[in-house]
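**Student:**
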Amino acid sequence: MPELPEVETIVRDLNKEVQGWTFFDVWTDFKKIIKKPKRFLQFKKELKNKKIKKVRRRAKNILFDLSEWKTLLIHQKMTGHLLVGQWQFKNGKWLPPAGPLSEKFNTFIHLLFTFKNTRMLALSDLRKFSKVELWDTKELDGSEYVKKLGPEPLDKNFTFVKFKEIFQNKKDKIKQALMDQKVIAGIGNIYSDEILWEAKINPLRQTTVLTDKELKRVYLAIKRVLRKAIKLKGTSISDFRTISGEKGYYEKERKVYRRENEKCKRCGSKIRRIKMGGRSAHFCPTCQK
DNA sequence: CGATTCCCCTGATAGC
DNA sequence: TGCTATCAGGGGAATC
198 MPELPEVETI
208 VRDLNKEVQG
218 WTFFDVWTDF
228 KKIIKKPKRF
238 LQFKKELKNK
248 KIKKVRRRAK
258 NILFDLSEWK
268 TLLIHQKMTG
278 HLLVGQWQFK
288 NGKWLPPAGP
298 LSEKFNTFIH
308 LLFTFKNTRM
318 LALSDLRKFS
328 KVELWDTKEL
338 DGSEYVKKLG
348 PEPLDKNFTF
358 VKFKEIFQNK
368 KDKIKQALMD
378 QKVIAGIGNI
388 YSDEILWEAK
398 INPLRQTTVL
408 TDKELKRVYL
418 AIKRVLRKAI
428 KLKGTSISDF
438 RTISGEKGYY
448 EKERKVYRRE
458 NEKCKRCGSK
468 IRRIKMGGRS
478 AHFCPTCQK
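If you read the first sequence in our numbering, its first letter stands for residue 198, the second for the next number, and so on.
Okay, structure coming up:
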């Protein structure tokens, strides 16, 4: 599942590739993936001849700023992959040439943009949870959805004072608060587990009872873990790939996520997995208090 | 209003 | 072996 570090990796890579590309056509075999505008033909028509100015990230969304003040939003949810390359249509499927792109998830391409320079951008998504929307830039940036998103954890303005203010007022378990996009943007199941291990805090703790010292550890862990994950181009534990089909390296750094019954790398205890609100949380019961 | 459950999907895996 | 039930989970909607 792409979270902040994975989406950031994608956005940085995309900016090196797609700036200046002009949309030519759109193909899909699953119109439901496009949420806005509702009619596919209109979506197609509105994209045609728009040029990509730059790509940015907000929370886990990839935002393509286009000419004429349009913005294309792509949220990859669990299993979405954006891939750039030269493609060919064979036997009813879009297929890449040989190379790292020739992996199984490429058979799950459900949306494909072609550009005037004959290049293509594909969205593959095994489970079809991805969401694609085309907005007026101003309308998107002023939308309820964007306004309600929490701060970007790696933003300079996201100070400890600000963090403390938000988390001390949020009545929730710390793990859930970290994953709540309205509290703080971009963190999901993998990195909330990793951040809490780093901070030595039990995921079940209520945010309101955390001491200043403990909050400071969480705050620092957020920055440290996310920065390191970006440096390593993310985690490929759930099939993440960069836009050229390469894996991220953070999974080797992983301390708790999907390591149930393995040894804690700090104290040697068995990592436990519990259910929290329908999601699994992984932690060390000995050193996370 | 807040908290919980359901739902969208489909491949992998566990259980029989 | 092969079938079926369960699980994975981001996020929005529906429900309690």
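C-beta: ideal position from N, C-alpha, C; glycine also.
On the premise that residue 391 lies in contact with residue 453, defined as a C-beta separation below 8 Å, what is that separation, rounded to the nearest angstrom?
**Tutor:** Position 256 of the first sequence holds residue 453. Position 194 of the first sequence holds residue 391. Confirmed, Cβ separation roughly 6 Å.
**Student:** Going along the chain, which residues of its own chain have a beta-carbon closer than 6 Å to the beta-carbon of residue 412, five neighbours each way excluded?
**Tutor:** For the purposes of this step, residue 412 is taken as the residue at position 215 of the first sequence. Closer than 6 Å at Cβ, skipping near neighbours: 361.
**Student:** Nearest to residue 325 by CA position, among 342, 484, 307, is which residue?
**Tutor:** Locating residue 325 in the first sequence gives position 128, where the first residue counts as 1. Of the listed residues, the one whose Cα sits closest to residue 325 is 307.
**Student:** With H, G and I counted as helix, E and B as strand and the rest as coil, what does DSSP make of residue 399?
**Tutor:** Looking up residue 399 in the first sequence gives position 202. Of the three classes helix, strand and coil, the one that applies to residue 399 here is coil, per DSSP.
**Student:** Touch check for the stretch 407-423 and the stretch 364-384: three-plus C-beta pairs under 8 Å?
**Tutor:** The stretch 407-423 is in contact with the stretch 364-384.
**Student:** Are residue 276 and residue 333 closer than 7 Å when you measure CB to CB?
**Tutor:** Numbered from 1 along the first sequence, position 79 holds the residue referred to as residue 276. Numbered from 1 along the first sequence, position 136 holds the residue referred to as residue 333. Not closer than 7 Å, so no.
**Student:** Taking DSSP as the reference, what is the three-state secondary structure of residue 370?
**Tutor:** As a first step, residue 370 is located in the first sequence; it is residue number 173 there, counting from the start. Strand, per DSSP.
**Student:** Looking at the unbroken alpha helix (DSSP H) that takes in residue 210, where does it start and where does it end?
**Tutor:** Along the first sequence, one-based indexing puts residue 210 at 13. Looking at the DSSP string, the run of the alpha helix (DSSP H) that includes residue 210 is 201-214.
**Student:** Do you know offhand how far residue 357's Cα is from residue 236's?
**Tutor:** What you label residue 357 is simply residue 160 of the first sequence in a count that begins at 1. What you label residue 236 is simply residue 39 of the first sequence in a count that begins at 1. For residue 357 and residue 236, the distance between alpha carbons rounds to 44 Å.
**Student:** With DSSP as the reference, label residue 304 as helix, strand or coil.
**Tutor:** Counted from its first residue, the first sequence places residue 304 at position 107. Correct three-state label for residue 304: helix.
**Student:** Relative to the alpha-carbon of residue 313, which residue among 248, 329, 340 has its alpha-carbon at the smallest distance?
**Tutor:** By one-based count along the first sequence, residue 313 stands at place 116. Cα-wise, what sits closest to residue 313 is 248.
**Student:** Can you tell me whether DSSP reads residue 460 as helix, strand or coil?
**Tutor:** Taking the first sequence and counting its residues from 1, the one referred to as residue 460 is at position 263. Residue 460: strand per DSSP, three-state reduction.
**Student:** What is the residue span of the beta strand (DSSP E) that residue 237 lies within?
**Tutor:** Locating residue 237 in the first sequence gives position 40, counting from the first residue. No beta strand (DSSP E) holds residue 237; the alpha helix (DSSP H) holding it covers 237-244.
**Student:** If we count Cβ pairs, one from each stretch, closer than 8 Å, do we get three or more for the stretch 201-219 versus the stretch 252-265?
**Tutor:** Flag = yes, the stretch 201-219 and the stretch 252-265 touch.
**Student:** Could you check how far apart the C-beta atoms of residue 440 and residue 280 are, in whole angstroms? I think they sit under 8 Å.
**Tutor:** For this step, residue 440 is matched to residue 243 along the first sequence. For this step, residue 280 is matched to residue 83 along the first sequence. About 6 Å separates the two Cβ atoms, so the contact holds.
**Student:** Give the list of continuous alpha helix (DSSP H) stretches no shorter than 4 residues that lie fully inside the stretch 326-368.
**Tutor:** The qualifying runs are 334-338, 341-345, 357-365.
**Student:** How would you label residue 403, buried or exposed, when you count the other beta carbons within 10 angstroms and need 16 or more for buried?
**Tutor:** One-based indexing of the first sequence puts residue 403 at position 206. Looking at its Cβ environment, which holds fewer than 16 other Cβ atoms inside 10 Å, residue 403 is exposed.
**Student:** Could you check the C-alpha separation between residue 240 and residue 476 for me, to the nearest Å?
**Tutor:** The residue you call residue 240 lines up with position 43 of the first sequence. The residue you call residue 476 lines up with position 279 of the first sequence. The straight-line gap from Cα to Cα measures roughly 34 Å.
**Student:** Pull up the CB-CB distance for residue 468 and residue 456, whole angstroms please, since I reckon it's below 8 Å.
**Tutor:** Here residue 468 refers to the residue found at position 271 of the first sequence. Here residue 456 refers to the residue found at position 259 of the first sequence. The Cβ separation is near 5 Å, so the contact holds.
**Student:** Which residue comes first and which comes last in the beta strand (DSSP E) that contains residue 222?
**Tutor:** What you label residue 222 is simply residue 25 of the first sequence in a count that begins at 1. Note, residue 222: beta strand (DSSP E), 220-225.
**Student:** Can you tell which of 473, 481, 228 has the C-alpha that lies nearest to the C-alpha of residue 466?
**Tutor:** Residue mapping note: residue 466 aligns to position 269 of the first sequence, counting from 1. Measuring from the Cα of residue 466, the nearest candidate turns out to be 481.
**Student:** Could you have a look at residue 321 and say whether DSSP puts it in helix, strand or coil?
**Tutor:** Taking the first sequence and counting its residues from 1, one reaches residue 321 at position 124. In this structure, residue 321 counts as strand in the three-state DSSP scheme.
**Student:** Pick out whichever of 320, 393, 215, 272 has its Cα sitting closest to the Cα of residue 305.
**Tutor:** On the first sequence, position 108 is the one that residue 305 refers to. Of the candidates 320, 393, 215, 272, the one whose C-alpha sits nearest the C-alpha of residue 305 is 320.
**Student:** Which term fits residue 283, buried or exposed, when burial requires 16 or more other beta carbons within 10 angstroms of its beta carbon?
**Tutor:** Taking the first sequence and counting its residues from 1, one reaches residue 283 at position 86. So residue 283 ends up on the exposed side.
**Student:** Can you list, in chain order, the residues of its chain with a C-beta nearer than 8 Å to that of residue 460? Leave out the 5 residues immediately preceding and following it.
**Tutor:** Working through the first sequence from its first residue, we reach residue 460 at position 263. Around residue 460: 466, 467, 468.
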